[in-house]
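Residues 1342 to 1843 in my numbering are what the sequence shown lists, from first letter to last.
All C-beta atoms in this analysis are idealised placements derived from N, C-alpha and C, irrespective of residue type, glycine included.
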Amino acid sequence: MAQQVTNYVCPNCGGPLRFDGKLGRLKCDYCESTFTVEEVQKIYAAKNEKAEEAGIAAQQEDHHTVTGADFYTEADINVDQAHTDIPGGDSAAAYAQPSHHQAAHHQAAAGTAPEAEPENPAGVWGKDEANIRTYSCTTCGAELICDATTAAVSCPYCGNPTIIPAQFSGVQRPDYVIPFVFEKNEAIEKLKGYYKGKKLLPRSFLSSNHLEEIKGVYVPFRLFNGTVDGEMRFEGLRSQITREGDWQVTRTQHFDVQRAATLQFDKIPVDASSRMSDALMDSIEPFDYNALRPFALEYLPGFLANKYDVEIKDCEERAQQRAVNSAVQAIQNTVTNYDSVRETGRNMRINPERTEYALMPVWLLHTKWHNKDFMFAMNGQTARMIGDLPVSTGKLWGYILGIGAIVAMLLFMMLGMDTQSDALLISIIAGLAVGGVSGGIMYGQMKPVSRNTTATGYMDRTRSDLRLRNDIYLRTTEQRIPIQQMQGGTRPPGGGSRPGRR
Ligand SMILES: [Zn+2]
Ligand SMILES: [Zn+2]
């Protein structure tokens, strides 16, 4: 069983090509010629097809070894399209034997997710040897050690980008890719900017944290499509208060509020890489889908890429929960013109449509400080940067007590600085409360990474429909309270509420 690896080479000089996000083209490392994805696709079309076929064959037949497919070795550099396949060519570098045998394949085929290692997205495989695959670099022949989901790497010895097309062949072929727009140096700059203005950041973090690793990864995402059919019921109340003689009368109209809606959701993204933190990936949303391109391997050279290893069912569950939450909110928002609303029932159904598969561009930046790991992610398309930061407890308490003291002092002055009464105590308690809440908000700003629970941005309102909007009047109730009681008197007989007439 063999798996081919590909590297894209410059038609002019044979140098390695990399996808350049700024240019949106592939660029030669050596002569700096640039080519569009379509141009390179044209050159490599026949080869990719063969490589993919070989990949499928290798996956289907464990003991059938594909031999002689001499793809993309130096022999090929002059891009003679008539002869892309050299039968009998046995360059050992042309293909790699995943030396760790069929076990790895069976496991991958069964969809078993490898151990998650959230802070090391494209590298470490830990003890799980069955998930190791080795390939040979087509440029220098070095052994490339990858895990079962790796689809694009750079050779650690010669640095040349290497693609493993079989990982994206057949049913595993992504529907879309969003190409990188921002480059590595921009991600580094953005991270510096991200630290700025963070008041609770320990001083020494700025001076002594260091960037351990930065990598551009095409992360596999599932894109959920579907509708949510929702029926919801509420009790709506409208109250009117009038004065009748010595009585204050509150008349409350009760309504049975019924709503039914069908809401369309398009492409709710869920990361499908088990080692990638869901919260981190949710936090760099949204991606601009205008830039979705039909998938092509030619966007990958120069970046890392992984294929999915999370079952479609698990991804869909997360997306569907988000869709339902947003549907509930949308329906609740149609219940207006009431003084108070209470939900009395709901029935939500999900009708999934085809779930798509896309690769999204993500810069991952790993820094270390005081032996602790900090992981940041930047959306490679929009440059949205996010990551949890350490908090200086000293600074946090400084702010809580500082804000508390100011609030307490101002309040104490407003209350007339009466040290005999409770004014001092009240001021101190209020000050601490305000300080505590402010501190909590500031702390939250240092830990912004969280899972998304809604999908409102993915709702297509033009294809959604409020099918039922029914507000049925039920009855009016009346409550009478004597004015005297309201001014602090005792409760007289005959007060209270009684069911009213119309
Ligand atoms: Zn070149
Ligand atoms: Zn190499």
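Cα-Cα separation, residue i to residue j
| i | j | result |
| --- | --- | --- |
| asparagine 1647 | alanine 1492 | 5 angstroms |
| threonine 1406 | threonine 1696 | Reliability fails at threonine 1406, whose pLDDT of 34 lies under 50, so the model's placement of it is uncertain and the value that follows must be treated cautiously. The straight-line gap from Cα to Cα measures roughly 33 angstroms. |
| arginine 1592 | threonine 1818 | 6 angstroms |
| alanine 1774 | leucine 1742 | 10 angstroms |
| phenylalanine 1596 | isoleucine 1813 | 5 angstroms |
| valine 1346 | threonine 1503 | 6 angstroms |
| aspartate 1806 | threonine 1603 | 5 angstroms |
| methionine 1622 | lysine 1713 | 21 angstroms |
| asparagine 1688 | arginine 1659 | 19 angstroms |
| alanine 1528 | isoleucine 1625 | 13 angstroms |
| threonine 1685 | serine 1733 | 46 angstroms |
| arginine 1802 | alanine 1489 | 40 angstroms |
| isoleucine 1822 | alanine 1764 | 33 angstroms |
| tyrosine 1476 | glycine 1482 | 9 angstroms |
| glycine 1757 | valine 1748 | 14 angstroms |
| isoleucine 1770 | methionine 1617 | 44 angstroms |
| alanine 1601 | leucine 1638 | 44 angstroms |
| glutamine 1825 | alanine 1664 | 52 angstroms |
| glutamine 1443 | asparagine 1472 | Bear in mind that the predicted position of glutamine 1443 carries a pLDDT of just 36, short of 50, making it unreliable; the figure below should be weighed with that in mind. In a straight line, the C-alpha of glutamine 1443 is about 10 angstroms away from that of asparagine 1472. |
| glutamine 1605 | arginine 1574 | 20 angstroms |
| asparagine 1811 | threonine 1675 | 11 angstroms |
| valine 1560 | glutamate 1652 | 15 angstroms |
| glutamate 1657 | glutamate 1694 | 11 angstroms |
| alanine 1699 | glutamine 1513 | 10 angstroms |
| phenylalanine 1636 | serine 1791 | 29 angstroms |
| alanine 1457 | glutamate 1553 | Residue confidence is low: alanine 1457 scores 40 on pLDDT, short of 50, so the model does not pin down where it sits. Its coordinate-derived value is still stated next. If you take the alpha carbons of alanine 1457 and glutamate 1553, they lie about 20 angstroms apart. |
| cysteine 1369 | isoleucine 1672 | 53 angstroms |
| leucine 1564 | serine 1545 | 41 angstroms |
| leucine 1815 | valine 1569 | 29 angstroms |
| methionine 1754 | aspartate 1619 | 49 angstroms |
| proline 1543 | asparagine 1550 | 10 angstroms |
| valine 1682 | glycine 1538 | 41 angstroms |
Buried versus exposed, by CB contacts within 10 Å (16 or more), residue i
| i | result |
| --- | --- |
| lysine 1788 | exposed |
| arginine 1366 | buried |
| tryptophan 1868 | What is shown of the chain runs 1342 to 1843, which leaves residue 1868 out entirely. |
| proline 1357 | buried |
| proline 1702 | buried |
| aspartate 1680 | exposed |
| glutamate 1629 | The amino acid occupying residue 1629 in the given sequence is aspartate; glutamate does not appear at that position. Classification of aspartate 1629: exposed, given that the 10 Å Cβ count is below 16. |
| glutamate 1484 | exposed |
| methionine 1719 | buried |
| glutamine 1581 | exposed |
| glutamine 1670 | exposed |
| leucine 1705 | buried |
| isoleucine 1519 | buried |
| serine 1667 | buried |
| asparagine 1678 | exposed |
| cysteine 1372 | exposed |
Which of helix, strand or coil DSSP assigns to residue i
| i | result |
| --- | --- |
| isoleucine 1555 | strand |
| leucine 1638 | helix |
| methionine 1758 | coil |
| glycine 1356 | coil |
| glutamate 1530 | helix |
| lysine 1368 | strand |
| alanine 1489 | coil |
| alanine 1699 | strand |
| glycine 1571 | strand |
| tyrosine 1649 | coil |
| phenylalanine 1715 | strand |
| valine 1676 | coil |
| threonine 1803 | strand |
| glutamate 1875 | Not covered by the structure: residue 1875. The range shown for the chain is 1342 to 1843. |
| phenylalanine 1562 | strand |
| threonine 1480 | coil |
| leucine 1705 | strand |
| phenylalanine 1740 | The question names phenylalanine, yet the displayed sequence has tyrosine at residue 1740. Three-state result, tyrosine 1740: helix. |
Extent of the continuous alpha helix (DSSP H) to which residue i belongs
| i | result |
| --- | --- |
| glutamine 1673 | 1653-1673 |
| glycine 1776 | 1764-1787 |
| arginine 1322 | Examination of residue 1322 is not possible in this model, given that the chain is present from 1342 through 1843 alone. |
| alanine 1601 | Per DSSP, alanine 1601 belongs to no alpha helix (DSSP H); it is in the beta strand (DSSP E), 1588-1612. |
| methionine 1622 | 1619-1624 |
Residue range of the unbroken beta strand (DSSP E) whose run includes residue i
| i | result |
| --- | --- |
| glycine 1721 | Looking at the DSSP string, glycine 1721 is not in any beta strand (DSSP E), and its letter there is neither H nor E. |
| serine 1681 | 1681-1693 |
| tyrosine 1476 | 1473-1477 |
| leucine 1541 | Neither: leucine 1541 is in no beta strand (DSSP E) and is coded neither H nor E. |
Legend entry - Segments assigned beta strand (DSSP E), at least 3 residues, entirely inside the segment 1498-1525: 1502-1504
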